[in-house]
Structures are given as structure tokens and as C-alpha cells.
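To keep things clear, I will list the structure first and then write my remarks on it.
Numbering (the UniProt record's numbering), first residue to last: 1 to 539.
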């Protein structure tokens, strides 16, 4: 076997931040003059409008469950700031000369929150369960001939052919990531939600303090052994700088603003853009980025039901979308925070291209009306779903207006996010509780390549809500995963060209997701999603 040397000190890319809590504060410059100290026993109080509705990290793509997952569990492999897979729980791995056998070695001393050691058997069971639900995993597992637990710290993955993206699959940063849990939990049927919350990450979920729809709490896990490398993306040392993290689900923006200004809360994850001026210049509040990419917004049609099962009607709607106007509805007087989206890949992706984007490049309501009439729209009822919280609520109202001007028979239904997640699973007609369109947004890191992109699919009812059927996209996607690196970019471009023909979803634009935090909070690390392990707090 030949050695892949992914051991300590191998992390590349990103700022080399110090890993102690006080140094993290100083390095990020968030704590004012000098770094606050003495915050190891502090509680970080977080305003999060998203509900934690499921304790199963691979059950839903909901942001609340995703961030819960990364707070509570750990990864065998994690991607750095350049999306290069690095060892996380793994000490390293080797690859056989024929590329068909990977052997992973766990770091010494890893334990779960219940005190049990992390073993090879836990990793094997976790990878197996994850691979049956996640899109990337579903491409990997068919090529796995078997797993072998060499001992408690070493295990092998045997493949029927080389799969060079295996570390990238295990280290994906997007929703439904491969997180390691005890074997007894991972043995749960992937079609059944797990109800335990035992991970091995830097924070332990406090189940007895969880109030769904209101509150979630974590405590620092003192048995966690962080890596020694500085953080980079999701890789490197995950150092818990506070004793407790408390989420308060506050959906009313005025209430959230007052709580932050009064010091009752410390960190507001997604403040609406129209409230940012009320915090700008405050001696007590910092406005900054917590994500390494922008948020990309989309309109998801239902491909199973009229009227958007007709591709010509989807294209007519796309012609009505003025991205600039829609993004102004969520960025307000901060136009610099918005940008147009002419690609199915994030603008930070090495696969970014605008090939095929002529379908959305020249919007116009009159052209859209003519196209809609030619497509045969007959006044069918359109149910538009939108989250009740900003910015989704702003976009929902703006799109409702577009649909009315287009002449569509639209009803806007606003729901809390947990209810929207549930409603969008209904494949029935609108008269049977179904839907026609819903507004959503994904972090740019979720749209980096064809393997992790959850919506750039054509898998029908086996895929993401909306259920686009596009066999050519699926064929190209599978080809991309197994292709040599030099051939991947043209395949990714062809996937996009096909996607603009089919329109699995309609891009609405992109925007910076600003956060706000008190001045005594620091170490807010820009990462593919919101992380908490780098954050410290004075007092």
C-alpha cells in the first residue's frame, strides 16, 4: 500500500488562527481592544430562528438539524478552507496501489459523550447508514465490496473499483454529512429517525433541556481531544471556547434585536438586512460574516404536479425572475451584499460556469407572459410555500407579486421552517395538501460540485423535494464522480447545460448572510456553515 500522508500539520488554506479561546478572540479581531479572557466558563446565547426538529443528522436538510449535527458529532474526515479533505477523527489513511482499498486509522483517545471509546465498528456502521440516505453516499456504497475492522482503531473500505473521491464523500460539508455516532445508534434503519443524541464532538447535547421550537442547549465536552492544527474551513482544531451554547428560537425580529441590544443574547445568526442599520456603529455590537460563502436562493418547482410539471411553464416563470429586484427585497440598502446567479454552481466553485444560462439571462415580464400563454397555462391553482422568517418571508412576498403580474392563480402560504419541511414532502395535488413552488436557500458550500449539490439532480422521487426527473443529469453526475480530475470540469459544465434545459430549480440570486454579535464575543470563524467551536466570550 502507498501512504497518503494526511497527518498532523497537513492542513492547507485559510487563516492560521490560534486555537486557544482567548487567542481566537484576538486573531479574529472581534473583541475590541485586546482579547477578552476568562471566558471558558461562559455561556454563548444564540438567537436562531430555525427550529431543531430532528436529532437525526441525516434525516433532513433543515439548517437547525445540520448545525446541531456538527455541534454534537464529529467527522472522520473534514474539508479545509479550500475544500481539500483532511483527517479529523482519523489520524490518517492509506490507499492501495490499485486505488481499491482505503485503510483509516483513528486518533488515540477519542470517546463518545457517554464515555465509550470511538471504535472502528462505530465508523463502519455510521458510514453505512449515512451512505443509504445521502446522495454522495448513494454513489459510493454500490462500489463498496466490504468493510473490515482490523482492530478498534483501524478499518478498511474495500471497493470494486477506484473511487478517488472517497475522502471527499466522507468529509462533505453540506447537509446530511457523514457524522460518526455509536454503533448502536448507527444500526438504526436509515428509514427510521434516531432519537438519541450521543456524539463525540466538542459539545455535548443536553437532551433534558431541549424544548423543541423554543430552546436547545449544549455543554462543552471536556473529554474531547481537538486536533493541534489551526482551524481551516471545517478541518483543524475544534476548540470549545465556552462552557455552554444555548439556542433561543426567536422568530420575531424586533424581539431578537431588543434582546441583542440589551445583552440578553450574544449572537444573532441571521438578522434581517433592514435591521442592520440599527446595529451599525453600535459600540456593543459587531456585524460580520460567519459563512465562507454567500447564500444562494432558489425557487423549487414541483415537477410531479401541474402546472410546473410542464417544462415550458418552468421556463416561462424563469423569464419573469428579475434577480436584482428579488435580492433587494432581502438586502435592502446594502446592494453590495447581493449578486446575480447565472450558474448552478457557487461562484467560489472550481466548476463555476455560466454555460447554458441564456435561459435566465434576459428576464422580462411581457416576454414571460407570452411564453406562459404559449406553454398552455390554463389558470391552474399555484400554491407558493415560504418560510415565515426573514429573509425567506421577504422573498416569498416578492415572488407572489411576480406570479400575480405574470397572471398566475397564486396563493402564498407562509409556514415556520419545520412545518415547511414537512409540507414539502407531500407529493399530492394542491387540493390534497400539496404545493407548487417553495422558496429555499442554500449555502454556497452546498453547491460546490455535482456530488454534494442536493438540488442539481434528476432522480425523480428518490431525490430532493420537487422530484425532478432528468436521466441525463444523473448519468453525467455518476460519470463525473468516477472521472479523472482533468475530465471533471467539462462534465460538470455539461451537467449545467442539461440543467438549464430542464430547470430542476430556478436561481433567484445570492446574498451575503450577515450575523451580529456582542463585542465581548470573538473568534467567529468563517466556515462552510456556522460553527461554534472557535468562539470565545468574555466573562
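From the three backbone atoms N, C-alpha and C, an ideal C-beta is built for every residue, glycine too.
As the structure is a computational prediction, the values presented were derived from the model and not from experiment.
For the 8 Å CB-CB criterion, residue 86 and residue 95 do not form a contact. Counting only residues of its own chain and dropping the five nearest sequence neighbours on each side, residue 464 has a CB closer than 7 Å to the CB of 454, 455, 457. The beta carbons of residue 507 and residue 360 sit closer together than 8 Å.
In terms of Cβ geometry, residue 511 and residue 331 form a close pair [threshold 8 Å]. The residue from 81, 104, 443 with its alpha-carbon nearest to that of residue 92 is 104.
With contacts defined by Cβ atoms closer than 8 Å, residue 160 and residue 143 form a contacting pair. When DSSP states are grouped into helix, strand and coil, residue 365 belongs to the helix group.
The three-state secondary structure of residue 144, taken from DSSP, is strand.
Pairing residue 341 with residue 67, the inter-Cα distance amounts to about 25 Å.
DSSP places residue 500 inside the alpha helix (DSSP H), whose first and last residues are 485-502. Taking C-beta atoms as the reference points, residue 201 and residue 114 fail to come closer than 8 Å. Around residue 182, the same chain offers 112, 116, 122, 198 as residues with beta carbons nearer than 7 Å, after the five sequence neighbours per side are excluded. The DSSP-derived three-state label of residue 360 is helix. Of the candidates 215, 347, 69, 245, the residue whose Cα lies closest to the Cα of residue 537 is 245. A direct Cα-Cα distance of roughly 43 Å separates residue 141 from residue 42. DSSP places residue 394 within a helical segment (H, G or I) once states are collapsed to three.
The beta carbons of residue 441 and residue 392 sit closer together than 8 Å. A direct Cα-to-Cα measurement between residue 281 and residue 385 gives close to 36 Å. Sorting 193, 233, 191 by C-alpha distance to the C-alpha of residue 70 places 233 at the top.
Inter-segment contact for the segment 362-374 and the segment 308-324 is present: three or more beta-carbon pairs are separated by less than 8 Å. The straight-line gap separating the alpha-carbon atoms of residue 237 and residue 336 is approximately 33 Å. Taking C-beta separations shorter than 6 Å and ignoring five residues to either side along the sequence, the partners of residue 50 in its chain run 63, 64, 417, following chain order. Ranked by how close their Cα comes to the Cα of residue 205, the residues 189, 120, 222, 357 have 222 in first place.
Annotation for residue 121: no beta strand (DSSP E) segment contains it, though the alpha helix (DSSP H) segment containing it runs 120-131. Nearest in C-alpha terms to residue 294, of all of 263, 339, 405, 328, is 339.
The criterion of a C-beta distance shorter than 8 Å is not satisfied by residue 125 and residue 106.
Residue pairing for residue 514: DSSP places it in a beta bridge opposite 289.
The three-state secondary structure of residue 84, taken from DSSP, is coil.
Taking 8 Å as the cut-off, the Cβ atoms of residue 466 and residue 326 do not count as close. Here the segment 518-525 lies against the segment 282-291, with 3 or more beta-carbon pairs under 8 Å apart. A direct Cα-Cα distance of roughly 38 Å separates residue 432 from residue 514.
Contact between residue 354 and residue 343 holds: their C-beta atoms lie close to 6 Å from each other, under 8 Å. The alpha-carbon of residue 257 is positioned some 8 Å away from that of residue 275.
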